[in-house]
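Novice:
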Amino acid sequence: MWIEASHTIDRRCSRGFTLLEILAAIFIFSIVMGLVFGTFGGVFSSADRVGAASDLHEMASACLVRMATDLKAIHVAREPRYKAPDMDDPPDPYRVEGGTEYLGGELFSRLRFTSLAHLPIGRQPREGIARIVYYPEMKTEGERILRRADNLFPYDDFTPSPTDPVICEQVLSFKVVYFDKEGRDTEEWNSESDLYEHSTPRAVGIELTLGDEQMSYTFVTEVDLPMVRSISRRR
Numbered sequence: 002m003w004i005e006a007s008h009t010i011d012r013r014c015s016r017g018f019t020l021l022e023i024l025a026a027i028f029i030f031s032i033v034m035g036l037v038f039g040t041f042g043g044v045f046s047s048a049d050r051v052g053a054a055s056d057l058h059e060m061a062s063a064c065l066v067r068m069a070t071d072l073k074a075i076h077v078a079r080e081p082r083y084k085a086p087d088m089d090d091p092p093d094p095y096r097v098e099g100g101t102e103y104l105g106g107e108l109f110s111r112l113r114f115t116s117l118a119h120l121p122i123g124r125q126p127r128e129g130i131a132r133i134v135y136y137p138e139m140k141t142e143g144e145r146i147l148r149r150a151d152n153l154f155p156y157d158d159f160t161p162s163p164t165d166p167v168i169c170e171q172v173l174s175f176k177v178v179y180f181d182k183e184g185r186d187t188e189e190w191n192s193e194s195d196l197y198e199h200s201t202p203r204a205v206g207i208e209l210t211l212g213d214e215q216m217s218y219t220f221v222t223e224v225d226l227p228m229v230r231s232i233s234r235r236r
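Set out below in structure tokens:
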């Protein structure tokens, strides 16, 4: 009996694997490898997202720092030098104008003011009071960008230019809020208008959202303006 059993075991061990067993092994192996590569893919995907998020944070930080630097060096004409314009008078070259416009179905802000934070460019850079305009633009691919126009006096009518530096890309939202001397906020401002008492805002708040449909981040800052014109409404 012992010898027969031993021969039986030897025959079973020497017959090899059946096709069903091979297919089962391949199936199990494919599941294991899928899990392994899926884990690696998730790691690389997470690393890519972290890198993209870091780039957005760095770009937003540089943009907000640039805007804050410009606003902290704002130049405003004050009384008695400043005179409220009559009907035929040219507008104040040092006015503060803030408005909104629709771009790709979304409402974006636009800001115009003058500042001592001019960035000289070229072989013969000049210094002076610059008219600075922050404005959004839609690229041909549908992406929105934010440009910064910087021009020294004399200031002609502003026209967007492709040579104006792009300071932010992947812009989903750009919102500027203006605070008056009472702390009230508004999304528009015109220091030439009687509606705003020919005054300039006390502070400016900025909200910037960057990213895409899968990932977006919002950045907020507020700048107290060092130079303000405050004119009480005349009765």
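For the record, in the sequence shown the residue sitting at position 59 is 60 according to the numbering used here, with numbers rising by one throughout.
Glycine is no exception: its CB is placed at the ideal position from the N, C-alpha and C atoms.
None of the values given here were measured: they were computed from a predicted structure.
1. Is the CB-CB distance between residue 164 and residue 118 below 9 Å?
2. Among 207, 174, 90, which residue has its Cα nearest to the Cα of residue 193?
3. Do residue 116 and residue 72 have their beta-carbon atoms positioned less than 9 Å apart in this structure?
4. Count the C-beta pairs between the region 206-216 and the region 169-178 that are closer than 8 Å, then say yes if the count reaches three, no if not.
5. Tell me whether residue 55 sits in a helix, a strand or coil according to DSSP, three-state version.
6. Would residue 143 pass as a contact of residue 105 if the rule is Cβ separation under 9 Å?
7. Can the beta-carbon of residue 108 be found closer than 9 Å to that of residue 135?
8. Using beta-carbon positions only, say whether residue 132 and residue 151 come within less than 9 Å of one another.
9. Assuming residue 180 contacts residue 155 (C-beta within less than 8 Å), just tell me the rounded distance between them.
10. Using a Cβ-Cβ cut-off of 8 Å (strictly less than) and excluding sequence neighbours within five positions of residue 225, which residues of its own chain qualify?
11. Run through the DSSP bridge pairs and tell me what residue 289 is partnered with.
12. Is the beta carbon of residue 189 less than 9 Å from the beta carbon of residue 176?
13. Quick one: what's residue 68 bridged to in DSSP?
14. Any idea what DSSP makes of residue 131, helix, strand or coil?
15. Please classify residue 121 as buried or exposed, where buried requires at least 16 neighbouring CB atoms within 10 angstroms.
16. Which residues in the same chain have their Cβ closer than 8 Å to the Cβ of residue 62, if we skip the five residues on either side of it in sequence?
17. Let me confirm a value: residue 45 is counted as buried when at least 16 other C-beta atoms fall within 10 Å, else exposed. Which label applies?
18. Is the CB-CB distance between residue 60 and residue 207 below 9 Å?
19. Taking 8 Å as the cut-off, is the CB of residue 220 close to at least one heavy atom of the ligand PLP?
20. Can you tell me which of the three DSSP states residue 22 falls into?
Specialist: Inspection of the coordinates gives the following:
1. Here residue 164 refers to the residue found at position 163 of the sequence shown. Here residue 118 refers to the residue found at position 117 of the sequence shown. No, Cβ-Cβ distance for residue 164 and residue 118 is not below 9 Å.
2. By one-based count along the sequence shown, residue 193 stands at place 192. Of the listed residues, the one whose Cα sits closest to residue 193 is 90.
3. As a working note, residue 72 is residue 71 in the sequence shown. As a working note, residue 116 is residue 115 in the sequence shown. Going by C-beta atoms, residue 72 is nearer than 9 Å to residue 116.
4. Touching, per the Cβ criterion.
5. Counted from its first residue, the sequence shown places residue 55 at position 54. Looking at residue 55 - three-state DSSP - the assignment turns out to be helix.
6. Against the sequence shown, residue 143 aligns to sequence position 142. Against the sequence shown, residue 105 aligns to sequence position 104. A contact, by the Cβ cut-off of 9 Å.
7. Taking the sequence shown and counting its residues from 1, the one referred to as residue 108 is at position 107. Taking the sequence shown and counting its residues from 1, the one referred to as residue 135 is at position 134. Contact: no.
8. Residue 132 sits at position 131 when you count from the first residue of the sequence shown. Residue 151 sits at position 150 when you count from the first residue of the sequence shown. Yes, these two residues count as a Cβ contact at 9 Å.
9. One-based indexing of the sequence shown puts residue 180 at position 179. One-based indexing of the sequence shown puts residue 155 at position 154. That pair is no contact at about 31 Å.
10. Here residue 225 refers to the residue found at position 224 of the sequence shown. Apart from the 5 residues on each side of it in sequence, residue 225 sits with its Cβ closer than 8 Å to the Cβ of 203, 204 in its chain, given in chain order.
11. Since the first residue of the chain shown is 2 and the last is 236, residue 289 is not available in this structure.
12. Sequence index remark: in the sequence shown, residue 189 carries index 188 (1-based). Sequence index remark: in the sequence shown, residue 176 carries index 175 (1-based). By the CB criterion at 9 Å, residue 189 and residue 176 fall outside the cutoff.
13. Your numbering for residue 68 matches position 67 in the sequence shown. Among the bridge pairs identified by DSSP, residue 68 is matched with none.
14. Looking up residue 131 in the sequence shown gives position 130. In the structure shown, the three-state DSSP call for residue 131 is strand.
15. Taking the first residue of the sequence shown as 1, we reach residue 121 at position 120. By the 10 Å Cβ count, residue 121 comes out exposed.
16. Here residue 62 is taken as the residue at index 61 of the sequence shown, counted from 1. The answer, listed in chain order, is 220.
17. Position 44 of the sequence shown, counted from the start, is the residue given in the question as residue 45. Residue placement at residue 45 is poorly supported in this model, since its pLDDT is 49, which falls under 50; the coordinates are not used for a value here.
18. Residue 60 sits at position 59 when you count from the first residue of the sequence shown. Residue 207 sits at position 206 when you count from the first residue of the sequence shown. No, the Cβ-Cβ distance between residue 60 and residue 207 is not below 9 Å.
19. Questions concerning the ligand PLP fall outside what the structure shown contains, since it holds no ligand whatsoever.
20. Mapped onto the sequence shown, residue 22 falls at position 21. In this structure, DSSP gives residue 22 a helical state, which the three-state scheme calls helix.
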